[in-house]
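Chains as they are written, first to last, in the working numbering: chain A, 1 to 433; chain B, 434 to 574.
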């Protein structure tokens, strides 16, 4: 059997739309019980009875992260706290923290969503699944834990960091699947090699789920080759439960977003108008399956586009293209908008380069400049001219991609800080007044 | 006919050179000759050591970007024109020198040489009867 829930996963789009409308109405009713949406609906003179089609959704205002912060901790709750069974909170590193509440039913639905994703990429109950996400408030931990348990896989809550311990588990337990951040996957492969362990022969790994930070197709291929696995891109965010919102199928061509769980819109982040399929914009999501804390037209800040056309896997839920970064990750340099992922895509094409790089933006003599330090791989040459032409070649390709010329510096292997959590790839040292 | 030279990628950073040299000398391997070619960002350190394979392994184990390159080590006596005569014999067959550095050892000069054609260089050295040292000699130096 190929599907976790065949009826839903292959439901024709028109039926799916009907299903969504029914769920949308229920969601709006329940949302209006929260102090926040009660106020929003009344301030904007919105009567839920007037929402009679999916297009009508556009009459409703967006919900933003700032709304979540302003209503911290409990003003978004649509049911009494007594009926809530779990709370997740974002760290608040970039501002005040936010809270997401769940009922027991919400958690069960979420676990089902994650199990559906894992099943889609071929993970089964006979698999041994090691989760290298941080547990606690970070949803990648408990989210995958409950999903994997629902699927029936033997789940190892290894949690984040401590590479040697991770390797010991992989070896001793015969781990077959991992959930791992892409930058940590390459790091783990390096540690394996350093410990004299052949990742291709001495592990039983076959499938890994990578997500939580944007990565390029080149990086995925590199991870697959290093570890001898199939790697699938997963997407989620704590505001939308966590992992499982969208996930790649075996085609590895776009992430199916589960439209029985959310309504998808892609908007231009400046004009706030919808963009056509294929055009990159900000992902906006409305929950359809959450009672404790429904969100209506939530602006995720994540940039992606809809891939049009049917997927050969038979699933009808639409696909999102690889994420281009976040609208807040965007670097504006000399009037050019760029994303770190563009730089990574160029760097990863060079086999002479390693996996670690650092982008620094700084003001030099009143001019903003971009510096890129990138580590060399093992393939070191004694020939000076080869290094120089490598350097020139990379710079030229970066210029073609970015439309400005960064200052590239090749650095020795292992000289950049090692990343064990979400990789910090950009340092912006500019002084803004 | 050749010896293994170790080439090391070196960042222009305070203390890098001594750090890398210490890795080798701590294991009682002698550095016989060294040269650096540099730009403002990085350099290539080239060294001849008493035990190249052992030193190379130490560097790799310490995650240093390095490689082994076969170079010629010619022994030249101290007559005025011996170096120029040796060079001339390479030039006449069309060989180019990629890089070269020398060091002196007990009245003799040793020239480390990398050319654009290893095989042709070998022929010239043989035909002209130029003196050279081989890798197993290094540990005795």
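Just so it is clear, CB atoms sit at the ideal spot from N, CA and C, and this is done for glycine as well.
By the rule that beta-carbons nearer than 7 Å mark a contact, residue 376 of chain A touches chain B.
Around the beta-carbon of residue 99 of chain A, 16 or more other beta-carbon atoms lie within 10 Å, marking it buried. Leaving aside the five residues that flank residue 474 of chain B on each side, the residues in its chain whose CB is nearer than 8 Å to its CB run, in chain order, 444 and 445. Secondary structure at residue 195 of chain A: coil, using DSSP grouped into helix, strand and coil. Taking a beta-carbon distance threshold of 7 Å, residue 556 of chain B does not count as an interface residue toward chain A.
For residue 362 of chain A, the three-state secondary structure derived from DSSP is strand. Boundaries of the alpha helix (DSSP H) around residue 340 of chain A: 340 to 347.
Residue 541 of chain B places its beta carbon 7 Å or farther from that of residue 502 of chain B.
By the neighbour-count criterion, in which 16 or more other beta carbons inside 10 Å mark a residue as buried, residue 405 of chain A falls on the exposed side. Linking residue 561 of chain B to residue 459 of chain B through their CA atoms gives a straight-line distance of about 40 Å. For the stretch 495 to 514 of chain B, the set of positions with a beta-carbon nearer than 8 Å to some beta-carbon of chain A reads 496, 497, 498, 499, 500 and 502 in chain order. Around residue 166 of chain A, the same chain offers 132, 158 and 188 as residues with beta carbons nearer than 7 Å, after the five sequence neighbours per side are excluded.
Remark: C-beta atoms of residue 84 of chain A and residue 247 of chain A do not approach each other more closely than 7 Å. Excluding the 5 residues flanking it on each side, residue 347 of chain A has same chain C-beta neighbours closer than 6 Å at 353, 357 and 374, in chain order. Identification of residues in the stretch 467 to 478 of chain B having a C-beta nearer than 7 Å to some C-beta of chain A yields 470, 474, 475 and 477, given in sequence order. Listed in chain order, the positions of the stretch 536 to 564 of chain B with a beta carbon within less than 7 Å of a beta carbon of chain A would be empty, since no residue qualifies.
Rounded to whole angstroms, the gap between the alpha carbons of residue 556 of chain B and residue 456 of chain B is 37 Å. Taking the Cβ atoms as the reference, residue 176 of chain A lies roughly 5 Å from residue 128 of chain A, within the contact range of under 8 Å.
Taking 4 residues as the minimum length, the alpha helix (DSSP H) runs contained wholly in the stretch 130 to 200 of chain A are 139 to 151, 163 to 173 and 182 to 194, in order along the chain. Here residue 302 of chain A is bridged, per DSSP, to A:326.
Within the stretch 482 to 493 of chain B, no residue has its Cβ closer than 8 Å to any Cβ of chain A. The C-beta separation of residue 288 of chain A from residue 64 of chain A comes to about 19 Å, leaving the pair out of contact by the 8 Å criterion. Along the stretch 36 to 75 of chain A, the alpha helix (DSSP H) occurs as fully enclosed runs of 4 or more residues at 65 to 70, listed in sequence order. Residue 442 of chain B belongs to the set of residues whose beta carbon lies under 7 Å from a beta carbon in chain A. Interface flag for residue 380 of chain A against chain B is set, since a Cβ pair is found closer than 7 Å. DSSP, read as helix, strand or coil, puts residue 355 of chain A in strand. Counted as a single uninterrupted DSSP element, the alpha helix (DSSP H) harbouring residue 19 of chain A occupies residues 13 to 31. Sequence-distant Cβ neighbours of residue 71 of chain A in its own chain, meaning closer than 7 Å and more than five residues away, are 36. The C-alpha of residue 53 of chain A lies about 43 Å from the C-alpha of residue 154 of chain A.
A residue is called buried once 16 or more other Cβ atoms fall within 10 Å of its Cβ, and residue 448 of chain B, having fewer, is exposed.
The bridge partners DSSP lists for residue 503 of chain B are B:437. DSSP, reduced to helix, strand and coil, places residue 308 of chain A outside both helices and strands of the structure shown, so it counts as coil. Assignment of residue 537 of chain B by DSSP, reduced to helix, strand and coil, places it in the strand class.
Taken through DSSP and simplified to helix, strand or coil, residue 233 of chain A comes out as strand. At a beta-carbon threshold of 7 Å, the residues of chain B lying near residue 411 of chain A are 444, ordered along the chain. Chain B places a beta carbon closer than 7 Å to that of residue 384 of chain A, counting this residue as a contact.
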